[in-house]
Amino acid sequence: MPHYPITILQAISRAMTPLNETLNEQTRLAGVRLLVNGAPVTAEWLPLHPGDELIVTLQWEALVGIPRDYTMFVHLLAGDGALLAQHDSAPLWGTRPTTTWQPGEMLLDRHVLTLPTDAPPMAVRLLAGLYDSQTIERQLFANGQDAVLLAVGALDGR
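Numbering (this note's numbering), first residue to last: 1 to 158.
What follows is the structure, given as structure tokens:
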């Protein structure tokens with residue numbers, strides 16, 4: 001596994017929108033970075049078009065050793081809650097199960113979502129979280145929610 005100099009990780013951290021969402025007192029979602037078709041966008045407003053590629057990089061921090069394996073999810077939902085696009089996987093594309101995380105370790109996890117080419121204009125919400133890889137039960141954040149709202153935006157027709 002590659003090790004990156006602290007200066008690289010600090011530079012990446014500065015490019016993130018800060019978050020401070022604790023999950024099960026085991027891990028913390030520290031930040032998010034959003035790219036649409038390779039261009040950075042802010043989490044305040046997500047401008048999307050049919051067929052766009054949305055890249056979501058999540059910065060996680062292990063607070064303690066994690067005894068179970070969790071699957072990460074990033075879901076793009078329509079205003080009515082319908083699922084438009086998703087990416088669910090074990091951390092770091094399956095290479096770093098949560099049971100291997102060390103206390104204090106920061107990890108960057110990248111999720112790529114491709115929007116449907118035939119999607120009509122609508123309001124959207126981008127959510128992220130973790131679920132138990134065996135039971136599929138979503139894990140709760142400190143606020144009692146089973147997902148974090150990363151961004152809101154609009155999908156505009158072309």
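Built from N, CA and C at the ideal position, the CB exists for glycine as well.
Classify residue i as buried or exposed, calling it buried when 16 or more other Cβ atoms lie within 10 Å of its own Cβ.
i, result
"aspartate 52", "buried"
"proline 91", "buried"
"glycine 153", "buried"
"arginine 158", "The predicted model places arginine 158 with a pLDDT of 44, which falls under 50 and marks its position as unreliable; any figure quoted below should be read in that light. Arginine 158 is exposed by the Cβ-count criterion."
Report back the beta-carbon spacing between residue i and residue j to the nearest angstrom; my notes put them in contact at under 8 Å.
i, j, result
"leucine 149", "arginine 125", "6 Å"
"threonine 188", "threonine 42", "This structure cannot speak to residue 188, because the chain is shown only from 1 to 158."
"proline 222", "proline 50", "Residue 222 lies beyond the residue range present for the chain, which begins at 1 and ends at 158; the question has no answer from this structure."
Could you give the first and the last residue of the continuous beta strand (DSSP E) run that contains residue i?
i, result
"glutamate 21", "17-23"
"aspartate 109", "106-114"
"threonine 27", "27-36"
"valine 148", "148-155"
"glutamate 137", "Premise fails: glutamate 137 is in no beta strand (DSSP E) and is neither H nor E."
"alanine 62", "53-62"
"glutamine 86", "83-89"
"proline 40", "39-41"
Hey, is residue i's beta-carbon within less than 8 Å of any beta-carbon in chain D?
i, result
"glutamate 25", "Protein chain content of the structure displayed is limited to a single chain, and chain D is not contained in it."
Can you determine whether any heavy atom of the ligand SAM sits closer than 7 Å to the C-beta of residue i, and answer yes or no?
i, result
"asparagine 143", "Among the components of this structure there are no ligands whatsoever, and the ligand SAM is therefore not found."
Going by beta-carbon coordinates alone, are residue i and residue j separated by less than 8 Å?
i, j, result
"leucine 54", "leucine 76", "yes"
"alanine 142", "threonine 22", "yes"
"leucine 140", "asparagine 20", "no"
Between the options, which has its C-alpha nearest residue i's C-alpha?
i, options, result
"alanine 78", "Arg138, Ile136, Pro120", "Pro120"
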